[in-house]
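In order, the protein sequences belong to chains A and B. Taking the working numbering, the leading residue of the first sequence gets 1, the next gets one more, and so forth. Taking the working numbering, the leading residue of the second sequence gets 1001, the next gets one more, and so forth. Yeah, the Cβ is synthetic: ideal placement off N, Cα and C, and Gly gets one too. Note that this is a predicted model, so its numbers are computed, not measured. Let me begin by presenting the structure, written as structure tokens, before commenting on it.
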Amino acid sequence: MTMATLSSLNLATPRMTANLPDSNKVNTVKAPYLNQNRPWKMVTHLGSRRMRAMVPVKAAPDSLSEKVEQSIKEAQEACSNDPASGECVAAWDEVEELSAAASHARDRMKDNDPLENYCKDNPETDECKTYDN
Amino acid sequence: MAVSTVCTTQSLNSTCSISTPEKTHLGFHQNQVVFYRRTSKRGGGSCVITCSVGDSQTVVIGLAADSGCGKSTFMRRLTSVFGGAAEPPKGGNPDSNTLISDMTTVICLDDYHSLDRTGRKEKGVTALDPRANDFDLMYEQVKALKSGIAVDKPIYNHVTGLLDPPELIKPPKILVIEGLHPMFDERVRDLLDFSIYLDISNEVKFAWKIQRDMAERGHSLESIKASIESRKPDFDAYIDPQKQYADAVIEVLPTELIPDDNEGKVLRVRLIMKEGVRHFSPVYLFDEGSTISWIPCGRKLTCSYPGIKFHYGPDTYFGKEVSILEMDGQFDRLDELIYVESHLSKLSTKFYGEVTQQMLKHADFPGSNNGTGLFQTIVGLKIRDLYEQITSSKTAAPLEATKA
């Protein structure tokens, strides 16, 4: 996944660039010391000639699920002292907000099948015809 | 924003020029066309400049509901009625809450939070609390968009819980503001051309949230229940009172057809429509203003258990005259839906079967087989009708001014 070394070798033959894997959907050069907490902060190697458009990366749903879990634990702790306090209420509100965000993220993940998206608009094409007996 | 006609006395040396300035930062209205006409008379010929401000007045719709209550589904149905799918702005912040399609822009009012997640935690307030929201900024920006001026709207990132740098929002033809507090502030309320409130009863809310959250690790029945319970005081104090101001309320209750049902699959949905709202004519069943109870299943239509039951009648809601259309049960087949549609009146459809077509188009959306989907679709068509009435009344006015 780390093609960081490539950037310093980009003056090399074009054959090197042809080997770029297709998995590199995000057109940025990722440095190995990428800050895991802020995935949208891409660090390009100095002197990189390949200036592609920087596309910020969406937050991964896994981290969202972890956040939901974490927030539930925190809310349960905060409420064990005083269920009516502001901290308790705010903590459960945070759980609600994160759960909603996680559910939206899950819906977005569901929509990413290219065949499904194509067939939604073109159900009569050969790839998309369905036969129900 | 009215039409203005200005007559100048000096003739212009230059020939006709038509300019369409889009300098929104100067406060110019979009689609402003200025015509310069040169007269053939020498010396002292008059030149008429007419500024016609095309469709700079945006129609603003407000949609209020608690979190997890179907606002996004409603938004998708609404934008689909106007045609096209609404998508987040391309090339911008991927965690933006805004949706843009050809005709509509949907703004999430969470973007006007004045406190981010840590700030709210410190102060011990929920997002429902008005102290966590900047209503002044909300009012200014909605007012600006309504008058055709683009704004830099902040972004509240739901994933990180922080306030991100603002994004530019251009005034659309239809602006929908959806969130917890669209009708809370009186000034914002006056800007709304139409407002909707999604009122979900506690049992149904619990069932929906269970469906939504049980897939998440860490959640259990107790945690979901505790979350709803602890937010309830703030919800009742700040969000619920907004329903008295709404022009249409979609109330979702547990069904009465199945005794002791607690699954929440079959729903009883009531569409409460305020009377006397400008450009809005309530839907009715058979005879406007009378009280009707209708079970469509019988000799002509066969339904499966538990069937469908309709009710329509006038009523009062928070002291205002309303008409209530109610549906209990669910649709299993296409012909049930088209049968029901053919008996409803004043649906504002453009052709026979439009409601059914819209429902089928989004058969995978939640609520597509019961009153929630049906009434959301109907409200969407009503909003389209309202938009067309408002824009046609605006184009009628400039024509009269230029005649003078």
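Across the structure, Asp1234 (chain B) and Ala102 (chain A) are spaced so that their CA atoms are roughly 23 Å apart. Chain order gives the chain B residues near Ser99 (chain A) as Ser1067, Gly1068, Lys1209, Arg1212, Asp1213, Glu1216, His1219, Ile1224, Ser1227, where near means a beta carbon separation below 9 Å.
Chain A places a beta carbon closer than 8 Å to that of Val1159 (chain B), counting this residue as a contact.
If the five residues before and after Leu1137 (chain B) are omitted, its C-beta is found closer than 7 Å to the C-beta atoms of Tyr1112, all from its own chain and listed in chain order. Arg1131 (chain B) counts as exposed, since fewer than 16 other C-beta atoms from the protein chains shown sit within 10 angstroms of its C-beta. Using a Cβ-Cβ cut-off of 8 Å, Gly1124 (chain B) counts as an interface residue toward chain A, since at least one Cβ of chain A sits closer than that to its own. A direct Cα-Cα distance of roughly 15 Å separates Val1379 (chain B) from Leu1175 (chain B). Unbroken alpha helix (DSSP H) stretches of 4 residues or longer found wholly inside the stretch 1131 to 1185 of chain B: 1135 to 1146, given in chain order. In this chain, the alpha helix (DSSP H) harbouring Glu96 (chain A) covers 86 to 110. Secondary structure at Pro1306 (chain B): coil, using DSSP grouped into helix, strand and coil. Cβ-Cβ distances below 8 Å link Ser1195 (chain B) to Ile1061, Gly1062, Leu1063, Ala1064, Pro1182, Met1183, Arg1189, Tyr1245, Ala1246, Asp1247, Ala1248 in the same chain, with the five nearest sequence neighbours on each side left out; the list follows chain order. Residues of chain A whose Cβ lies closer than 9 Å to the Cβ of Asp1234 (chain B) are, in chain order, Val89, Asp93. It is roughly 26 Å from the alpha-carbon of Thr1058 (chain B) to the alpha-carbon of Asn1157 (chain B).
Residues of chain A whose Cβ lies closer than 8 Å to the Cβ of Lys1121 (chain B) are, in chain order, Glu87, Ala90, Ala91, Glu94.
For Ser1114 (chain B), the secondary structure class from DSSP, reduced to helix, strand or coil, is coil. Taking each of B:Asn1202, B:Pro1241, B:Glu1167, B:Glu1229 in turn and checking the Cα distance to Glu1186 (chain B), the smallest one comes out for B:Pro1241. Taking 8 Å as the cut-off, the beta carbon of Thr1073 (chain B) is found no closer than this to the beta carbon of Phe1331 (chain B). Exposure of Glu1256 (chain B) is indicated by the presence of fewer than 16 other C-beta atoms within 10 angstroms of its C-beta. Annotated as distal: Thr1105 (chain B) and Ile1210 (chain B), with beta-carbon spacing of 8 Å or more. Within chain B, Glu1216, Arg1217 have C-beta atoms less than 7 Å from the C-beta of Ser65 (chain A), given in sequence order. Met1103 (chain B) sits in coil when the DSSP states are folded into three classes, being neither helix nor strand. Listed along chain B are Arg1212, each with a C-beta nearer than 7 Å to that of Ser103 (chain A). In the DSSP assignment, Val1059 (chain B) forms a beta bridge with B:Ile1174. Contact annotation for Ala1127 (chain B) against chain A: Asp93, Glu97 [CB-CB distance below 8 Å, chain order]. At a cut-off of 8 Å between beta-carbon atoms, Glu127 (chain A) makes no contact with chain B. Taking the C-beta atoms as reference points, Val1322 (chain B) is found nearer than 8 Å to Ile1272 (chain B).
Interface with chain A (8 Å Cβ-Cβ cutoff): Arg1131 (chain B) is excluded.
Among the residues facing chain A, Arg1278 (chain B) is not included, as its CB has no counterpart in that chain under 8 Å away.
In this structure, B:Ile1100 is the residue among B:Gln1358, B:Lys1320, B:Ile1100 with its C-alpha nearest to the C-alpha of Ala1085 (chain B). Boundaries of the alpha helix (DSSP H) harbouring Pro114 (chain A): 114 to 121, taken from the DSSP string.
Neighbours of Glu69 (chain A) in chain B, taken as residues whose beta carbon is under 9 Å from its own, are Glu1216, Arg1217, Gly1218, His1219 in chain order. A contact is defined here as three or more CB-CB pairs under 8 Å, and the stretch 1250 to 1270 of chain B meets this definition with respect to the stretch 1197 to 1217 of chain B. Going by DSSP, Val1252 (chain B) is part of the beta strand (DSSP E) stretching over 1248 to 1254. Contacts between Ser1393 (chain B) and chain A, judged by CB atoms closer than 7 Å, are missing: the closest CB pair is about 36 Å apart. Taking 8 Å as the CB threshold, Ser1230 (chain B) lines the interface with chain A. The way I'd put it, the stretch 72 to 90 of chain A doesn't touch the stretch 108 to 116 of chain A; fewer than three beta-carbon pairs between them come closer than 8 Å.
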